[in-house]
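Using full-length UniProt numbering, the first residue of the sequence shown is number 1, and each one after it goes up by one.
By construction, the Cβ of each residue, glycine as well, lies at the ideal position given by its N, Cα and C atoms.
Quick caveat, the model's predicted, so the values are computed rather than measured.
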Amino acid sequence: MLSYLSSLMVVLGEKLGKDGVASRGREEAIEQRVVLERGVKPLEKKLGYQLDKLTRAYMRMEADLQGGQVSSTSGKEKEKEAAEEEEDSSESEDETQFRPNGSAMVTGKTSGKASGKASAEANAASADAEASGSIYRPPKISAALPPQHHFEDKFNAQEHKDKSSRSRMQAMEEYLKETSEQPEWEASIGANIVNHGRGGVKTSRDTERERDIQRFEEENFTRLNPNGSKVDKRLKKQREISAKVNMIAGEDFSIFNSKRKLEESTSRRGSKKSRNAWERAKRKL
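Right, dumping it as structure tokens:
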């Protein structure tokens with residue numbers, strides 16, 4: 001601000017002197033004016049806002065402190081008044097406990113109306129005395145067992161059985177997948193091909209099993225052997241060899257190499273034949 005005022009004085013001096021245009025002083029005045037309007041005024045507004053905020057917070061804190069002190073003093077006074085009222089009420093209750101019983105002073109020669117009034121007064125007095133200084137007696141409730149269906153903790157395997165994958169048919173799933181127009185998700189092209197195309201294509205159950213194995217390995221930091229032991233590998237190899245033998249020109253002719261007799265499944269006698277040793281023994285008796 002002082003530099004702006006000094007530049008204005010320089011402009012006035014130059015105009016009064018030889019230089020009537022006052023170019024040098026005018027440039028300095030313009031520069032100082034720009035600094036004031038663009039730099040100083042926003043800073044003044046920000047500082048003013050912060051100072052107002054601090055003063056308001058301080059005033060609010062002072063008001064809260066004063067209000068808390070006033071409420072604490074008033075609360076103490078209220079507590080004192082409540083204690084005094086409780087003492088007065090307890091003294092009055094103690095006085096009423098030792099008052100005479102009106103029914104005991106009534107003689108048998110009095111009239112029925114007087115005795116009725118006295119008995120009513122005595123009953124009211126006794127009820128007041130019981131309500132004021134008697135001991136609380138809970139009501140008598142017949143004992144009952146808690147409901148058993150809320151406390152049954154039996155594990156039912158049928159309820160916890162996973163029926164999502166077992167209830168679906170694999171052939172139906174593959175058929176729906178082939179006929180549907182929905183896009184299919186695949187990890188990569190050719191990832192579902194088994195044994196370079198000789199083992200066919202992985203089914204959805206195989207992919208789910210691989211995902212379960214991968215999830216288990218990642219959660220437990222262990223490695224599983226999904227292929228099984230050496231015996232399983234040997235049996236699998238034998239099945240592959242037998243499948244190659246039965247495959248002729250891309251067709252499966254394993255039905256002709258089967259040792260199962262067709263008579264057992266087609267004849268009525270074979271179907272009615274008892275498969276139990278006890279049934280056969282009973283027939284021989």
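Residue i versus residue j: straight-line alpha-carbon distance, rounded
i, j, result
"G200", "G228", "20 Å"
"E181", "T203", "19 Å"
"N195", "W278", "48 Å"
"E77", "V70", "11 Å"
"L47", "S3", "22 Å"
"G190", "G197", "9 Å"
"P42", "V34", "12 Å"
"L176", "W185", "15 Å"
"R205", "E240", "20 Å"
"L54", "A83", "43 Å"
"N192", "E174", "13 Å"
"M61", "G68", "10 Å"
"H150", "K140", "Confidence is the limiting factor: at H150 the pLDDT is only 49, short of 50, which leaves the residue's position unreliable, though a coordinate-based value still follows. Roughly 25 Å separates the two Cα atoms."
"V231", "K237", "10 Å"
Residue i, enclosing alpha helix (DSSP H) - first and last residue
i, result
"R209", "S204 to N220"
"S229", "Careful: S229 lies outside any alpha helix (DSSP H) and carries neither H nor E."
"Y4", "L2 to L16"
DSSP three-state assignment for residue i, whether helix, strand or coil
i, result
"V194", "coil"
"E251", "strand"
Within 8 Å, strictly: CB atoms of residue i and residue j
i, j, result
"E37", "V10", "no"
"E217", "R211", "no"
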